[in-house]
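Residue numbers (our numbering), protein chains in the order written: chain C, 1 to 255; chain G, 1001 to 1744.
For reference, the structure is listed below as structure tokens.
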Amino acid sequence: MSARIAVVLFPGTNSEDETLRLLRDCGGDAELVHWSRPAELRDFDAYVLPGGFAYEDRIRAGAIAAHDPAMDEVIAGAQRGKLVLGICNGAQILLEAGLVPGTAPARRPTAAFTHNGPIPHFVCRHVYVKLAIDPSRCAITRALSPAAIIPAWTANGEGRLAATPEHLDEIAGGGHLAFVYAHADGRVDARANPNESARGCAGLVNREGNVLALMPHPERDAWNFNHLDRPAGADPLTPSGGAELFRSFVAAVRA
Amino acid sequence: MVDQRSAPGVALRDDEVRRIRERLGREPSIVELHAFDAQWSEHCSYKSSRHHLKRLPTQGPDVVLGPGEDSGIVHLGEHGGRRYGVVVAHESHNHPSQVVPFEGAATGIGGIVRDVLCMGAEVIAVADPLRFGRVEHPESHQRYVARSAVDGIAAYGNAIGVPNLAGDAYFDEGFDDNCLVNVVALGIVAEDEIVHSFAPENAAGWDLLLVGKATDPSGFGGASFSSLSLDAADEQANKGAVQVPDPFLKNVLMRATYRVFAALRERGIVPGFKDLGAGGIMGCSAELAASGGYGADINLDEVNVAVEGMAPEVIAVGETQERLLWALPPDVTPAVVRIYNEEFTLPQVAFNARATIVGRITEEKKYVLRHRGRIVMDVDVDFLTGAIRDELPYQPAEGFAPAEAARPRADLGAEALPLLERVLAHRDVCSREPLYRRYDAVVRGATVIPRGYADAGVLAPVRGSRLGVALAVAGNPRCGRLDPRRAAELAVATAACRVAAVGARPAGLTDCLNFGNPRNPAQYGEFVAAVDGLARAAGELGLAFVSGNVSLYNESESGKAIPASAIVACIGTIGDVARTITPGFKRPGAPIFLLGNRAPERGGSAIAELLGIDDAVPAPSYAALRAELALLRRASEEGIVAACTAIAGGGALVAVAKTAFAAHRAGRRLGVTLDQPCGFHEAPGFVLEVADEARFAALARECGAVARRAGAVAEMPCIAAGGERREVDELMDCWSRPLEEIYP
């Protein structure tokens, strides 16, 4: 049975093209849905919130979009167990909507992806993220191997997880820290963390494991042609690298 | 005599006003004066440059569309039975960026993106060649400009979701009073879906649909402003001439326009579509109509405005950003309006932004503007938009040639390595990463080689296709100061070598000519010499210019002009991105070759500046270059080029070092052992790691290229030459750090 994935477009979204393309190349039945037609979202089985600057990042990144009528549908769907993946600005929206870490009611954000450290400006840099939970803890990561390393690009000005120390303990202790920044060989240290994100956090998952928010972009290092170290003779158009997460997502949507 | 005080800010000369009055047979209205002022400005008319630019080659087998519309188009290749083209535009936003650098640089991106978009293309990349003054002093205006311009480019380009693929930056006292913020943009279009910047056949009676931001008083007088020298006394007035960027609205406007393209194609409609740039609604509508052989009739009361009570000339020629104009058949217009205003909710995205019909195309070739029931402009449209020409006198520019005795020219052997750290740390050689890491390099997910990883950025722009496009820029101002003609030649040669170094075939050029005051014969002579140089180099290399831009009056109030700055971008095409040469040395023991006629001249080089050497600028050796480009092309098609770096700023030894740095960045801790002299001369050439030495040597013979084996890739992470060695990590440190103070 075909399960349909909506790539939700807000005014200011800018990563819908690669997100949609990768979902389709990974076998997903995906299409774009506009903010001007929120009711259409109800008929979809899963949602992807792509990167960008929804509503110009006014107030805080993701803060306005979290209150867009389109998010009524996404929140309702998430609460009914639909899968939701947010990347970069999409991750910020999920955090602002309170869907991750999801320890408080919807639209009551408990943490923030805020201005990068040490210097608060936009940084574009290639990174790796490491799966920091058991793959089965989150439906979207179920097909990944334990401690999977995924290449991605960080490209944001507000990607640093910030919360009270108590809440950070709750996030880590409750298994919400889905991905951490790492080196290509899996080592985790401060140099791998591009923006001083608390606990090296690159991604958060909710308690139920159906909503995943990831700050860096795996969809921008997701075909062989994207990789600078691609093996000679590899088909440049074959999805790989960052595509592993999307494959796992598409498999979960179909399951 | 027209009372000029009644039209403040008009830059028309007396003889031009006289010409208008004679043609109209009456006094021109205020609106007309402003309209001619914009339309006849250097910025719009190229009146003092056009006849020189005619010398540039603009035709060739790769040219789909040469100069003349908003952008040019280079043929990329075929995929799925369709031909694809790369849309190319190049502009400057120098004057605005000197006055208000953040907004000036941001609107530079905003404007160029519209030039590409209106050809029916998806915008796929931008690139920024930048020239700033001395930034050493933390409190200097120069540092403020250098920082804010970069922040403006980042803010705009990142928000609209277009990757920054290439660019360069120089810091030189010659730009203390006039920075250069040039911008290149690329788009991708199926060649049978190109939209033109003119009203098509049988368009009389069609709607003129204005789309985008509400017109406001910002950017009034912009075209004339950039056609004058900057004067500190007018700085406040100039600030008002700079437009206000809105990348958020542009993001939505671009996406809505892609949707409109699709809707029009479904209906088989060929529209006219043009960006509103210099001269605002008037300039755009007049050119859209006139270039199709029509006139236009516009009602300024229909324009969506941001504030009430604006004077008609402000609505007509103000350069509010984020606007485009369609010529559409009236039965199609409502569907297009619906896409912009309802599906993409423009009126909710920005105050009073929308698509709105403001007038129509007319059979009669008159240009008419109405305001509050009165006709405020009524002129022959061809007179308004027609070619005007200023033949200004110029003094031929001679290249610098030192006395024979003043030329210490021996190539450096063992003594080169101790100088390498200093050259790598030179402000024009060191890593640009602190600057470009603020730009999104990979949005759209089509990036094959991101900016900064190799000599050119590479994209795979056609979904599902292996076709690749490469982009690089060049233009060394230190060469420009010494020899405008050779500097222009080197800009073409270097840009072409840079795209060749990633395995692309140089396929087309675009230029931005940044010079001083054309009314100063010496400064104008530099411009003429540079055009000669561009024409020569492009002709020798068989390349055509498909678009370009001229920015004159880059002169400070003291009458000092910027160094001659012919800045060139080269577009390269790749048949299969799997053949792209990836950055960095690959295999220990592999041979390293030097290609290139190592001309002895060092004028304009980093080493000449560091050592205080007065020398001539090297002349490219075209026969050698053609042979090297042919060799590189064949060798990369056969897959035997493992790594390649073009020799440019810092010379061959820096090219070797950068190839080692690229390997380290990719996690391969390799070094180099050099057994041939390898110095800092900057004449074009290449450093290569070769996978099959015998085959490469045979190809070199066939192509007539001189390939010199200079050493080998080493397992040890050091660069060793003439008994000296340096750790790659330490060299990389020297190279990475210098700009971090400016761009922390």
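Cβ coordinates follow ideal geometry from the N, Cα and C atoms, glycine included.
For clarity, every value in this text was computed on a predicted model and none was experimentally measured.
Look at the segment 1379-1395 of chain G: it has no residue with a C-beta under 9 Å from a C-beta of chain C.
P1461 of chain G is a Cβ neighbour of I1124 of chain G, given a cutoff of 7 Å. Here DSSP, grouped into helix, strand and coil, assigns P50 of chain C to coil.
Interface with chain C (7 Å Cβ-Cβ cutoff): G1187 of chain G is excluded.
Using beta-carbon distances, P236 of chain C counts as an interface residue toward chain G, with a partner under 7 Å. Excluding its 5 nearest sequence neighbours in each direction, A1635 of chain G has C-beta neighbours in its own chain below 7 Å: V1641, F1696 and L1699, listed in chain order. Using a C-beta cut-off of 8 Å, the segment 1101-1112 of chain G makes contact with the segment 1176-1191 of chain G, since at least three inter-stretch Cβ pairs fall below that distance.
Within chain C, no C-beta atom comes less than 9 Å from the C-beta of N1352 of chain G; the nearest is roughly 16 Å away.
Annotation for V1252 of chain G: the continuous alpha helix (DSSP H) segment containing it runs P1247 to R1267. Within the segment 1460-1521 of chain G, the runs of beta strand (DSSP E) at least 3 residues long that lie entirely inside it are, in chain order, 1468-1474 and 1505-1514. Within the same chain, Cβ atoms closer than 6 Å to the Cβ of E158 of chain C are found at A61, F113, T114 and H115, the five residues on either side in sequence being excluded.
Taking the beta carbon of R1466 of chain G as reference, the chain C residues within 7 Å of it are P236 and L237, listed in sequence order. V100 of chain C is positioned such that its CB atom lies closer than 7 Å to that of V211 of chain C. Annotation: the segment 125-176 of chain C contains the following complete segments of the alpha helix (DSSP H) (minimum length 4 residues), in chain order: 165-173. For A1666 of chain G, a Cβ of chain C is located within less than 7 Å of the residue's own Cβ.
D1733 of chain G is classed as exposed because its beta carbon has fewer than 16 other beta carbons within 10 Å across all chains shown. For the pair Y1046 of chain G and V1550 of chain G, the CB atoms are nearer than the 7 Å cut-off.
In the DSSP annotation of this structure, the continuous segment of the beta strand (DSSP E) that includes N1182 of chain G starts and ends at L1180 to A1190. The residues A1487, P1563, A1564 and S1565, in chain order, have a CB closer than 6 Å to that of G1480 of chain G in the same chain once the five nearest residues on each side in sequence are set aside. Cβ contact annotation for P1477 of chain G (same chain, cutoff 7 Å, sequence separation greater than five): R1131, Y1170, D1172, G1174, P1563 and S1565, in chain order. If one requires a minimum length of 4 residues, the alpha helix (DSSP H) runs lying completely within the segment 1587-1614 of chain G are 1606-1611, in chain order. Sequence-distant partners of F1220 of chain G (beyond 5 residues in either direction) whose C-beta falls short of 6 Å from its own C-beta, in its chain, are V1314 and G1318. Boundaries of the beta strand (DSSP E) harbouring L83 of chain C: L83 to I87, taken from the DSSP string. Within chain C, R220 and N226 have C-beta atoms less than 8 Å from the C-beta of T1447 of chain G, given in sequence order.
If you check the CB distance, R1709 of chain G and P1521 of chain G do not come in under 7 Å.
In terms of beta-carbon proximity, V1713 of chain G stays away from the interface with chain C, with every pair separated by 7 Å or more. DSSP links M1716 of chain G through a beta bridge to no other residue. Per DSSP, F1036 of chain G is one residue of the alpha helix (DSSP H) stretching across I1030 to Q1039.
In the DSSP annotation of this structure, the continuous segment of the alpha helix (DSSP H) that includes S1148 of chain G starts and ends at H1141 to I1160.
Here F1527 of chain G is not bridged, per DSSP, to any residue. Contact check for A1149 of chain G against P1101 of chain G passes: the beta carbons are separated by less than 7 Å. F44 of chain C sits in coil when the DSSP states are folded into three classes, being neither helix nor strand. DSSP, read as helix, strand or coil, puts K1658 of chain G in helix. Excluding residues up to 5 positions away in sequence, V8, F10, V33, W35, P38 and L41 lie with their Cβ nearer than 8 Å to the Cβ of A70 of chain C in the same chain. The three-state reading of DSSP puts L1117 of chain G in helix, counting H, G and I together. DSSP places A1635 of chain G in the uninterrupted alpha helix (DSSP H) bounded by Y1622 to E1637.
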